[in-house]
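To start, the structure itself, in structure tokens.
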Amino acid sequence: MTHRFWYGAATAGHQVEGNNTNSDIWALEQMKYGGYPQKSGIAADHYHRYREDIDLMKQAGLNAYRFSLEWARIEPEKGKFDEKEVRHYRDVMEYCLKQEIEPVVTLFHFSSPKWLIEKGGWEAESTVEDFRSYTAYVCSAYHDLLHYVCTINEANLGVLIGIFIRQAMERKDNAVQIGLDIDQMAKQNEEKQAEELAVFGCVNPAVFPSPRSAGGNRIIMKAHQAAVRTIHELVPHAKAGITLSLRDIQHTESGKQRAEDAWEEEFRQFLPALEEDDFFGLQNYTRTVVDEHGELPPSEGAELTQMGYEYYPEGLEHVIRKVSEDWKKEILITENGIASDDDSRRIAFIDTALAGVHRCIEDGIDVGGYCYWSLMDNYEWQSGYDMRFGLMGIDRNTMERIVHESMYHLGRKAR
Ligand code: BGC
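In terms of this note's numbering, the sequence shown opens at residue 157 and continues consecutively.
What follows is the structure, encoded as structure tokens:
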């Protein structure tokens, strides 16, 4: 497809498809101490309704769809690939292309096969090879369909969770990005450990949404690099990249050093592992302001989103400019959005964010596209179905799609 600028929307398998029964998050949802108070169930039933959802994107005028493959569906048991599920994602990609919507495929978006966690998960060296072999399988299965491939979504999530836990312990807890319940995560007791042992065969299972050790970060980066090499080797025409969640870190007069350290921890430390990447997937939701002691709460009267963090669409432009100091290749905005029941705030958010993107492009920064999070209301992990990020709402009784004006608004920009 000829590429002008991608105006799209994003989802992730576990959050929209439903019945991801072989995954670790599904297992956690069934547990007493799993930390997921609501169950994903059939989610938005996107697994069965993807054609309708892609049709609605097409009607609105969007030209890109970022979605993820579920590793747990494709490889439900180590080394055993499920042909029906492999066929399913082929159908999704083919349907996108038929509707002239660019598929931006994410290999891994937070949920792992349960077997991977039983083997030590995202702290185990063997995960590098497991992820490489899954990537190789996917590349062979879809080599004619892959264009943009994101390896690991928000590879820095474990770092951010570590920061949020640190802050919560210092009683300075700021809003948490992806709806995680830090108090619950920090809670350790014997019953919890016994349950983990029974379900995963280990205590403190190293699922992706959990704090990461320095060693765990190295494993994730090695897995990413192995995947990029595999993609380049098996699908030479495809572009490969990672995605990171980046807050717009601002500082008071006294907070400069603290802000620089945070940017190093959240972004710059990963750069050496991205040298062979073709694009950078940038995800931004809000800003944070730090002084010499740490992060400050949003100022009084600041508008907050349902997630509890500040409504701050200007952050996207700031983060693009900061990233571009170190990153000279293509940047894709793989996520940006708000949870709100007031769609007019979503429209205003998109307008401000995109105006910033276009100023960056005018200044010569290579931004290739923008994917709003999310195409539809979905399962916001530990916050369940209470956060409404969607360009479309979902009637949870009938699964009917309720397209908001913001979706047409974004689509008109693409035209
Ligand atoms: C994640 C999504 C999540 C979104 C909104 C991102 O950090 O990639 O899975 O739903 O933020 O919190």
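Even glycine gets a Cβ: it sits at the ideal position worked out from N, Cα and C.
- A216 has its alpha-carbon roughly 33 Å from the corresponding atom of P365.
- A direct Cα-to-Cα measurement between L488 and E352 gives close to 38 Å.
- Distances between the C-beta of H265 and the heavy atoms of the ligand BGC include at least one below 8 Å.
- Exclusion of E226 from the 8 Å shell around the ligand BGC follows from its C-beta lying no nearer than that to any non-hydrogen atom of the ligand.
- The beta carbon of N534 sits closer than 8 Å to at least one heavy atom of the ligand BGC.
- Beta-bridge pairing by DSSP links R229 to no other residue.
- Uninterrupted beta strand (DSSP E) stretches at least 3 residues long and entirely within the stretch 389-448 occur at 395-401, 404-407, 435-439 and 443-447, given in chain order.
- Taking the CA atoms as reference points, G357 sits about 12 Å from D180.
- L547 and E346 have their alpha carbons spaced roughly 42 Å apart.
- Comparing alpha carbon positions, the residue from R544, K569 and C527 closest to D497 is R544.
- Going by DSSP, R557 is part of the beta strand (DSSP E) stretching over R557 to V559.
- A residue is called buried once 16 or more other Cβ atoms fall within 10 Å of its Cβ, and M532 is buried on that count.
- Every beta strand (DSSP E) stretch that sits fully inside the stretch 447-475 and reaches 3 residues is listed by chain position as 450-452.
- DSSP places A495 outside both helix and strand once states are collapsed to three, so it counts as coil.
- Counting C-beta pairs with one atom in each stretch, the stretch 200-210 and the stretch 242-254 have three or more that are closer than 8 Å, which means they touch.
- Nearest Cα to E389 within the set W419, H299 and E466: H299.
- The secondary-structure analysis by DSSP pairs S224 across a beta bridge with T262.
- With contacts defined as CB atoms closer than 9 Å, L402 and V294 fail to qualify as a contacting pair.
- For V260, the closest C-alpha among the options E185, K395, S268 and A292 is that of K395.
- Nearest to M325 by C-alpha distance, out of G450, Q186, S289 and D542, is G450.
- Here R205 really is in contact with M555; their C-beta atoms are around 7 Å apart, less than 8 Å.
- Distance from A429 to Q381 at the Cβ level is roughly 6 Å; contact confirmed, criterion being Cβ atoms closer than 8 Å.
- Here the stretch 411-429 makes no contact with the stretch 455-464; the two share fewer than three CB pairs at distances below 8 Å.
- Secondary structure note for I308: it is in no alpha helix (DSSP H), and the uninterrupted beta strand (DSSP E) holding it is Y304 to I308.
- For I181, the enclosing alpha helix (DSSP H) has its first and last residue at D180 to Q186.
- The ligand BGC has a heavy atom closer than 8 Å to the beta-carbon of S401.
- Beta-bridge pairing by DSSP links E486 to F435.
- Closest option to G277, judged by alpha-carbon separation, among A297, S539, H560 and S369: S369.
- Take the alpha-carbon of G372 and the one of A165: they are about 30 Å apart.
- Membership of M213 in the alpha helix (DSSP H) is indicated by the continuous run H202 to A216.
- Boundaries around W162 are those of the beta strand (DSSP E), W162 to A166, since no alpha helix (DSSP H) includes it.
- Taking every protein chain shown into account, the CB of H393 has fewer than 16 other CB atoms within 10 angstroms, so this residue is exposed.
- At the C-beta level, A183 and K270 come within 9 Å of one another.
- Short note on G493: C-beta closer than 8 Å to some heavy atom of the ligand BGC.
- Relative to the non-hydrogen atoms of the ligand BGC, the Cβ of F223 never comes closer than 8 Å to any of them.
- Note: Y528 is bridge-paired with A165 in the DSSP secondary-structure output.
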